[in-house]
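*Asks:* At position 29 of the sequence shown the residue is numbered 44 (the working numbering), and the sequence of numbers has no breaks. The beta-carbon is built from N, C-alpha and C at its ideal position, and this holds for glycine as well. Note that the coordinates shown come from a computational prediction; the quantities given were computed from them, not determined experimentally. Please read through the structure below; I'll follow up with questions.
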Amino acid sequence: MQKGRDLAGFLHETAAADIAKLITSIAEGTKELSHAVRNLGAMGLGGSMDVTNVQGETVQKLDDHSNNVMMRVCKDSGTCAGYLSEENEDIVTLNTGGKYIVSIDPLDGSSNIDIAAPVGTIFSVLERISPVGSDVTREDFLQPGYKTVAAGYALYGSSTMLVFSTGAGTHIFALSTDDNGYYQTHLRMFIPGGGRIYSLNQGNLGKFESTAQQFVDWCIAHEKGPYSLRYIGSMVGDMHRTFIKGGVFLYPAAKGEKRGKLRLLYECIPMAFITEHAGGRAINGSQRILDIQPTELHERCAIIIGCKDLVSKYEEFAQAVAV
Ligand code: AHG
Numbered sequence: 016m017q018k019g020r021d022l023a024g025f026l027h028e029t030a031a032a033d034i035a036k037l038i039t040s041i042a043e044g045t046k047e048l049s050h051a052v053r054n055l056g057a058m059g060l061g062g063s064m065d066v067t068n069v070q071g072e073t074v075q076k077l078d079d080h081s082n083n084v085m086m087r088v089c090k091d092s093g094t095c096a097g098y099l100s101e102e103n104e105d106i107v108t109l110n111t112g113g114k115y116i117v118s119i120d121p122l123d124g125s126s127n128i129d130i131a132a133p134v135g136t137i138f139s140v141l142e143r144i145s146p147v148g149s150d151v152t153r154e155d156f157l158q159p160g161y162k163t164v165a166a167g168y169a170l171y172g173s174s175t176m177l178v179f180s181t182g183a184g185t186h187i188f189a190l191s192t193d194d195n196g197y198y199q200t201h202l203r204m205f206i207p208g209g210g211r212i213y214s215l216n217q218g219n220l221g222k223f224e225s226t227a228q229q230f231v232d233w234c235i236a237h238e239k240g241p242y243s244l245r246y247i248g249s250m251v252g253d254m255h256r257t258f259i260k261g262g263v264f265l266y267p268a269a270k271g272e273k274r275g276k277l278r279l280l281y282e283c284i285p286m287a288f289i290t291e292h293a294g295g296r297a298i299n300g301s302q303r304i305l306d307i308q309p310t311e312l313h314e315r316c317a318i319i320i321g322c323k324d325l326v327s328k329y330e331e332f333a334q335a336v337a338v
């Protein structure tokens, strides 16, 4: 099969040079992680470490390795001033002379590692507010998502895919096992309408806000027949399916709370950014994700994301509850 455009050529034509450099560095990191995911045992990266991260979750060896790799490639880019990761409590200054900051979940879906199911990396890029030449500040990272400059994810599944946007459409590349290069697979990606898939941890329905139950009931009792439930348990895997096949992914707020489980800065905002650039929508139930003003580095957020029609349907139920 003929290969599509390669990543370097694509970035050269579509992105500013310093952003192209940063995306290229992150892409190189994802190649290392793709290799690590497929060679866990040989690289001694299976199982967990004896530590918990800032979220109170046990750190898997691959989580730690992924964080080290992504921090290194961001530093090596020369253009990345600062780094915020799920695995670090605080922000890290990498290059005082850099213009951008990166928020990242280096290895999303840790519970899938030991069962050889899909995992991924999610990242977003902002321009710093603090002056070039100084250390980065928390304010650099606590900017609303509409200020995002670039965002994306890598999926380490049966193939390794890189999906990203630099603000002009969402684009998808596959990693070739022939030459370890990324090649474009779709000219521009649009979430298909009419998808009949909903994706959430249905076992938690009793814990979620009541809108989630109403929405699921609506999906199951749909006049054209029940929607299918698909749930991989890694946001990257579930979102990749949503991008290709349509439908909606949900991690709603818990009852009596506004926030859900997923992290605003390095899970919800990057996915919302690439979803909007692919013609979809992302809300927390009542508000556009990209309009939320973050207040904490590791803030959690509810998310309903995917095809516009289905996100709007959820919003309709939410508004009816709120009246
Ligand atoms: P982690 O990377 O800590 O395993 O979290 C994964 C996230 C997200 O990727 C996924 O959609 C969600 O947590 C799954 O959570 P549940 O197990 O609660 O369904």
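(1) Could you check what DSSP says for Pro121 in three-state terms: helix, strand or coil?
(2) Could you tell me whether any non-hydrogen atom of ligand 1 is closer than 7 Å to the CB of Lys276?
(3) Using only CA atoms, which one of Gly294, Gly300, Lys90 lies nearest to Tyr266?
(4) Just how far apart, CA to CA, sit His255 and Lys328?
(5) Would you kindly report the start and end of the unbroken alpha helix (DSSP H) that includes Asp65?
(6) Inspect the beta-carbon positions of Ile304 and Ala297 and report whether they are closer than 8 Å.
(7) Taking DSSP as the reference, what is the three-state secondary structure of Ser243?
(8) Report whether the distance from the Cβ of Asn216 to the nearest heavy atom of ligand 1 is below 7 Å.
(9) Give me the DSSP bridge partner(s) of Gly135.
(10) Rounded C-beta distance between Asp123 and Val134? I'm assuming under 8 Å.
(11) For the beta strand (DSSP E) that contains Ile318, what are its first and last residues?
(12) Smallest Cα separation from Leu202: which of Phe188, Pro285, Lys270?
(13) Measure the CB-CB distance between Gly167 and Ile289 and report whether it falls below 8 Å.
(14) Can you give me the Cβ contacts of Arg274 inside the same chain, cut-off strictly under 7 Å, excluding the 5 residues immediately before and after it?
(15) Have a look at the DSSP bridge pairing and note the partners of Ile116.
*Replies:* Looking at the coordinates:
(1) Walking along the sequence shown from the start, residue 121 turns up at place 106. Strand, per DSSP.
(2) On the sequence shown, residue 276 is found 261 positions in, with the first residue counted as 1. Distances from the CB of Lys276 to the heavy atoms of ligand 1 include at least one below 7 Å.
(3) On the sequence shown, residue 266 is found 251 positions in, with the first residue counted as 1. The alpha carbon of Tyr266 has as its nearest neighbour, out of Gly294, Gly300, Lys90, the alpha carbon of Gly300.
(4) Indexing the sequence shown from 1 puts residue 255 at position 240. Indexing the sequence shown from 1 puts residue 328 at position 313. Using only the alpha carbons, I get a separation of about 21 Å.
(5) Here residue 65 refers to the residue found at position 50 of the sequence shown. Asp65 -> not in any alpha helix (DSSP H); beta strand (DSSP E) instead, spanning 63 to 67.
(6) Translated into the one-based positions of the sequence shown, residue 304 becomes position 289. Translated into the one-based positions of the sequence shown, residue 297 becomes position 282. Cβ distance < 8 Å, so Ile304 and Ala297 count as in contact.
(7) The residue you call residue 243 lines up with position 228 of the sequence shown. DSSP places Ser243 in strand when its eight states are reduced to three.
(8) Numbered from 1 along the sequence shown, position 201 holds the residue referred to as residue 216. Yes, Cβ of Asn216 sits closer than 7 Å to a heavy atom of ligand 1.
(9) Translated into the one-based positions of the sequence shown, residue 135 becomes position 120. In DSSP, Gly135 forms a bridge with Asp123, Leu170.
(10) The sequence position of residue 123 within the sequence shown is 108, counting from 1. The sequence position of residue 134 within the sequence shown is 119, counting from 1. Contact annotation, Asp123 with Val134: C-beta distance approximately 6 Å; criterion of less than 8 Å satisfied.
(11) By one-based count along the sequence shown, residue 318 stands at place 303. Per DSSP, Ile318 belongs to the beta strand (DSSP E) from 318 to 321.
(12) To locate residue 202, count along the sequence shown from 1; it is residue 187. The shortest C-alpha separation from Leu202 is found at Phe188.
(13) Within the sequence shown, numbered from 1, the residue matching residue 167 stands at position 152. Within the sequence shown, numbered from 1, the residue matching residue 289 stands at position 274. Yes.
(14) The sequence position of residue 274 within the sequence shown is 259, counting from 1. Sequence-distant partners of Arg274 (beyond 5 residues in either direction) whose C-beta falls short of 7 Å from its own C-beta, in its chain, are Ala268, Arg315, Cys316, Ala317.
(15) Counting from 1 along the sequence shown, the entry for residue 116 is found at position 101. Bridge partners of Ile116: Gly97, Leu141.
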